[in-house]
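A.B. asks: Here you go, one structure.
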Amino acid sequence: MKPKYLFVILLTALCLMAALPVHAQTAAGVQMKASAAYGGNYKYGEWLPVWVELENQGRDLTAEVRVQVPGSGRTTTFVAPVSLPSGSHKRLPVYVLANNFSRQLTINLVSDNKVVTTQTVDIHPQPNITFLVGLVTPERGALGLVSGISIPGQSRPVSLVDVQLADLPERPEALRSLDVLMINNTDTSKLTPAQKNTLQSWVSSGGRLVLGGGSGAPQTFAGIPDTLLPAKLQGSTEITADSLGALAEFAAADRVQTSATFVAAVGQVQSAAGARVLVGTDALPLVIEKTLDSGHVDFVALDLSTAPFNGWAGTQAFWEKLLSPGAEYDANLPFDSSLSQMRANQLSYALSNIPSLDLPSVQGLSLLLLVYILAVGPLNYILLRRINRLHLAWVTIPIITLLFTGGAFGLGYLMRGNDLILNRVAILDMQAGGNAQVTSYMGLFSPSQQSYEITVQGEGLVSPMNASDPGVWNQTAPVGGAEMSFIQGQPSTIKGLTVSQFSMQAFMSEEIWANFGKLTSDLYMENDTLKGTVRNDTAYPLNDVVVAIQNRFQKLGNLTPGQEVKVDLGLGNLSLDRSGMPLSYRLFQEQDNPNGVPLSRAAQLKTTILDTVSNNGYASKFSNFAPSGGQSKLLADQSVLIIAWLDQAPPVVKVNNNALSQQTTALLYKNTSFRFPVTGLIQIPAGLIPGAVTKFSAQGGECGMPGAPAVNMASGEAEFEFTLPADLKGVTFTNLKINVRRDGSPATDAPDLNLWDWKAKQWMNIQKPILGTNEVHNPAALINENGVVRVSLKNNDANFSCIYLDLGVDAQRGAQVTP
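This note's numbering puts the first residue of the sequence shown at 32, with every later residue one more than the last.
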């Protein structure tokens, strides 16, 4: 064969080999197998664990596992160091913040800046509206029916992902993509302590954990922390379909029809830990639910993947009823952006608001100007006249001017111009057990263009603030430069963070502040006033403490560690706050600055932080600010918001080989509850009971604060529903108070009002309704067994106006005593 033909054949073969998909290229002696948790499914802006299994049969190796996330600007790499002695076998996670358009990740094992082996992993970003359910079970079976449920409110696609127990992350941030986690017939004793802490923190932050029963209940319970367990197992029993009537009643479905028997785990309700029987009886509880902070744990006495769920027509209705509370997607949130992304984007402005870079005071500038005028005028003249050289004024005046200009510039530069400043904004979410989830947003302000290496102490996950596209940093960052790497560990390290001169580059850290302490409260409702105490049981001074319900608040001042203060917050005419200014304005402008003088940078910073947190991303936590579609837990769990400020928060940050000036502004918040009198008069003022517009005319629409029971309409009809708190069951209701208010129209007449009579199944008209409070006596027939009150209004005005409707209630429980 001629050489030229041989060359063509070899070249063709090489091209064909290069075109073949290469999934893994492995060096001798090293094997790597990588897989993304949850089948590669994750929500936009949430962490995804990538599990990497390594085996080394060659020489000792010190290496890094690098996961590359390409962005529209530059590549961001998440790195996990690993030591691989000869003969070792290790499995480790790399936590990755992929962007919204990622479809594949490249995983490299690198040693001495050389790629030892590489692999690609497919991933599947999911819009945040997706209802993602993780299943830890040997087989799906009947659990596959969960994918067909309907979540109330906006339509949410339901997606099921199979999760291996070993793949559960050891970081709560990496579990946030899941709305629900179901564990059934699985030995959880293999959970590591870090995985157990992750479950605890995830549930506390709003997750829902469902534990299956049946014969596999003991092994399912084996490794679950006691703080999460809603019941203590007492063995098991065989039951028939006749014992499942409560299950059908709960699901509002047909009864289970079969002659088969089922194994039901018997659980003793941990009522002291906040658990209750949700379905069944104390003798045979079929579902026991425990509330932990914002989350829930449900124990179902039956095996979730087998009978009766695999043959019962009411299975999907059961899951819809069980999983729906708290699952409604906030109508004010976009489908494709996470709460953390929205928060980070809006806090970028807050980071740039650095009080230490504020301009000098007017008084200081005036003094400097006065000294200059005296020097260049009278003093210069007196000196020149004394030496009889007045003609030299044309020389001395420019010299004095140059000296003052240079001196002022030099003084300013020495004071601030050469400072490397780290501005930190931290959000602290208090959790059960005295821990706090801390998200720290940090901006590095540089006086010169430079690339920095940053050390972040602790166990936090560090990332760019632009989680939708980690490759995009501050728009003023220099183009090109080194690849930015986030090396995970204790401590973490950021390499390649490049900042332009007099610009800022931002990053963030998420971690648990262990043993932070508690903000203890004992609050109760007396008539229309919230009373009780708040105590600082942390080791840190808390500044500007505020207790709030909706936009009504009381300032408690500063609390030193161990200090307790009394609460006395009136809630009369609460409905007037529906269209009022936000809490941040009332706190910092209306209260502290009534004359409208521009706020200080510190006050502006706090206003921005509070606005960002209250308006985006904390609908469940900040339910007082942003109730959503009547699903707010404002009164369902008797929620009161306590906020405070600190001047410190983790992590400790150092910039290698550079002195660093730091400042921290940290917002601490906690939702707590209040109690009603055990006996006596109970008064809930209008505006405190959550409600929603359920129907309005085609020409109408909602108005007021997001989720407020208010409708903007002219002529037409609208309907509302209000839900009374669950712990008022068994009381005698004496009055309903329906408050009507309107704005935007000169009309003074109230709309026609009707209340739904649940017994007669018809509307009851309120005679001669007024703008203000309309009282209805003996309202028992107007409140159904779930505490729901339905109200309709008919407006006959020719002009559009916003009509606010609020419900209050009076009730009696035995003889009145002091709480």
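Glycine residues also receive a C-beta, built at the ideal position from the N, C-alpha and C atoms.
(1) Cα separation between residue 721 and residue 578?
(2) Could you say which of 592, 603, 792 and 762 lies nearest to residue 717 if we only look at CA atoms?
(3) Could you compute how far the alpha carbon of residue 469 sits from the alpha carbon of residue 317?
(4) What would DSSP say about residue 706, mapped onto helix, strand or coil?
(5) Does the beta carbon of residue 568 fall short of 6 Å from some heavy atom of the ligand HEM?
(6) For the structure I just gave you, are there three or more beta carbon pairs, one from the region 222-234 and one from the region 283-293, closer than 8 Å?
(7) Using the C-alpha atoms, what's the distance from residue 399 back to residue 422?
(8) Below 8 Å on the Cβ atoms is my contact criterion, and I expect residue 537 with residue 474 to pass it. Report the Cβ-Cβ distance as a whole number of Å.
(9) So who's on the other strand from residue 549, going by DSSP bridges?
(10) How far does the beta strand (DSSP E) with residue 744 in it extend, from its first residue to its last?
(11) Buried or exposed: residue 701, going by 16 or more other Cβ atoms within 10 Å of its Cβ?
(12) I need the boundaries of the alpha helix (DSSP H) containing residue 370, first residue and last residue.
(13) My guess is that residue 860 and residue 360 are in contact by the Cβ rule of under 8 Å, so how many angstroms apart are they, rounded?
(14) Report yes if the CB atom of residue 708 is closer than 7 Å to the CB atom of residue 764, and no otherwise.
(15) Considering residue 796, what are the terminal residues of the beta strand (DSSP E) in which it resides?
(16) Among the residues of its own chain, which have a CB less than 6 Å from the CB of residue 489, if the five just before and after it don't count?
(17) On the DSSP letters alone, give me the boundaries of the alpha helix (DSSP H) that residue 182 sits inside.
(18) I'd like to know if the region 69-78 and the region 191-209 are in contact, where contact means that at least 3 CB-CB pairs between them fall below 8 Å.
(19) Which same chain residues, not among the five before or five after residue 825, have their C-beta less than 7 Å away from its C-beta?
(20) Checking 7 Å against the spacing of the C-beta atoms, do residue 774 and residue 734 come in under that value?
(21) Considering just the uninterrupted stretch of the beta strand (DSSP E) at residue 538, what are its terminal residues?
(22) What's the call for residue 417, buried or exposed, on a 16-neighbour Cβ count within 10 Å?
(23) Can the beta-carbon of residue 124 be found closer than 7 Å to that of residue 78?
(24) Need the endpoints of the beta strand (DSSP E) that residue 237 sits in, please.
(25) From residue 304 to residue 521, what distance separates their C-alpha atoms?
(26) Residue ranges of each beta strand (DSSP E) run of no fewer than 3 residues wholly in the region 567-599, ordered along the chain?
(27) Sort 806, 791, 636 and 788 by Cα distance to residue 771 and report the nearest one.
(28) Is it true that the region 147-155 meets the region 170-188, where meeting means three or more beta-carbon pairs spaced less than 8 Å apart?
(29) Do the CB positions of residue 90 and residue 117 come within less than 7 Å of each other?
(30) Grab me the residues of residue 244's own chain with a C-beta within less than 6 Å of its C-beta, minus the 5 sequence neighbours each way, in chain order.
(31) Hey, out of 306, 131 and 175, whose CA is closest to residue 157's CA?
(32) On the DSSP bridge assignment, give the partners of residue 140 in chain order.
(33) Judging by CA-CA distance, which residue of 335, 106 and 458 is the nearest neighbour of residue 641?
(34) From which residue to which residue does the alpha helix (DSSP H) around residue 78 run?
(35) Is residue 408 helix, strand or coil when you go by DSSP?
(36) Confirm, please, whether the CB-CB distance from residue 760 to residue 804 is below 7 Å.
C.D. replies: In short:
(1) Locating residue 721 in the sequence shown gives position 690, counting from the first residue. Locating residue 578 in the sequence shown gives position 547, counting from the first residue. Going from the Cα of residue 721 to the Cα of residue 578 covers about 19 Å.
(2) Taking the sequence shown and counting its residues from 1, one reaches residue 717 at position 686. The option with the nearest alpha carbon to residue 717 is 603.
(3) Numbered from its first residue, the sequence shown carries residue 469 at position 438. Numbered from its first residue, the sequence shown carries residue 317 at position 286. Going by the C-alpha atoms only, they are around 37 Å apart.
(4) Residue 706 sits at position 675 when you count from the first residue of the sequence shown. In the structure shown, residue 706 falls within a strand segment according to DSSP collapsed to helix, strand and coil.
(5) Absence of the ligand HEM from the depicted structure is noted, as is the absence of any ligand whatsoever, leaving it without description.
(6) No, the region 222-234 does not touch the region 283-293.
(7) Sequence index remark: in the sequence shown, residue 422 carries index 391 (1-based). Sequence index remark: in the sequence shown, residue 399 carries index 368 (1-based). When rounded, the distance between both Cα atoms is 26 Å.
(8) Numbered from its first residue, the sequence shown carries residue 537 at position 506. Numbered from its first residue, the sequence shown carries residue 474 at position 443. Contact between residue 537 and residue 474 holds: their C-beta atoms lie close to 5 Å from each other, under 8 Å.
(9) As a working note, residue 549 is residue 518 in the sequence shown. Its beta-bridge partners are 568.
(10) The count along the sequence shown starts at 1 and reaches residue 744 at position 713. First-last of the beta strand (DSSP E) with residue 744: 741-754.
(11) Along the sequence shown, one-based indexing puts residue 701 at 670. Around the C-beta of residue 701, 16 or more other C-beta atoms lie within 10 Å, and the residue is accordingly described as buried.
(12) As a working mapping, residue 370 is identified with position 339 in the sequence shown. 370-383 is the extent of the alpha helix (DSSP H) around residue 370.
(13) Past the edges of the chain, shown from 32 to 850, lies residue 860, and the structure says nothing about it.
(14) Position 677 of the sequence shown holds residue 708. Position 733 of the sequence shown holds residue 764. Result no, Cβ atoms of residue 708 and residue 764 do not sit closer than 7 Å.
(15) As a position in the sequence shown, residue 796 is number 765, starting the count at 1. DSSP places residue 796 inside the beta strand (DSSP E), whose first and last residues are 793-796.
(16) Stepping through the sequence shown from its first residue, residue 489 is reached at position 458. Contacts found: 542, 681 and 682.
(17) Stepping through the sequence shown from its first residue, residue 182 is reached at position 151. Looking at the DSSP string, residue 182 is not in any alpha helix (DSSP H), and its letter there is neither H nor E.
(18) At 8 Å Cβ cutoff, the stretches touch.
(19) The sequence position of residue 825 within the sequence shown is 794, counting from 1. The answer, listed in chain order, is 748, 782 and 783.
(20) For the purposes of this step, residue 774 is taken as residue 743 along the sequence shown, with counting starting at 1. For the purposes of this step, residue 734 is taken as residue 703 along the sequence shown, with counting starting at 1. Between residue 774 and residue 734, the C-beta spacing is not below 7 Å.
(21) Along the sequence shown, one-based indexing puts residue 538 at 507. For residue 538, the enclosing beta strand (DSSP E) begins and ends at 534-544.
(22) Within the sequence shown, the letter at position 386 stands for residue 417. It is exposed - the Cβ of residue 417 has fewer than 16 other Cβ atoms within 10 Å.
(23) Counting from 1 along the sequence shown, the entry for residue 124 is found at position 93. Counting from 1 along the sequence shown, the entry for residue 78 is found at position 47. Contact: no.
(24) The residue you call residue 237 lines up with position 206 of the sequence shown. No beta strand (DSSP E) holds residue 237; DSSP gives it neither H nor E.
(25) Mapped onto the sequence shown, residue 304 falls at position 273. Mapped onto the sequence shown, residue 521 falls at position 490. Cα to Cα, residue 304 sits roughly 34 Å from residue 521.
(26) Segments of the beta strand (DSSP E) lying fully in the region 567-599: 573-580 and 583-590.
(27) Position 740 of the sequence shown holds residue 771. Measuring from the Cα of residue 771, the nearest candidate turns out to be 806.
(28) No contact exists between the region 147-155 and the region 170-188.
(29) The residue you call residue 90 lines up with position 59 of the sequence shown. The residue you call residue 117 lines up with position 86 of the sequence shown. Yes, they are a contact pair.
(30) Here residue 244 corresponds to residue number 213 of the sequence shown, with the count starting at 1. Closer than 6 Å at the Cβ level, and outside the excluded window around residue 244, lie 296, 331, 332 and 333.
(31) By one-based count along the sequence shown, residue 157 stands at place 126. Residue 131 is the option with its Cα nearest to residue 157.
(32) To locate residue 140, count along the sequence shown from 1; it is residue 109. Here residue 140 is bridged, per DSSP, to 96 and 148.
(33) Translated into positions along the sequence shown, residue 641 becomes position 610. Per the Cα distances, 458.
(34) In the sequence shown, counting from the first residue as 1, residue 78 sits at position 47. First-last for residue 78: undefined, no H or E at that position.
(35) The residue labelled residue 408 in the question sits at position 377 within the sequence shown. In this structure, residue 408 counts as helix in the three-state DSSP scheme.
(36) Position 773 of the sequence shown, counted from the first residue, corresponds to residue 804. Position 729 of the sequence shown, counted from the first residue, corresponds to residue 760. Contact: no.
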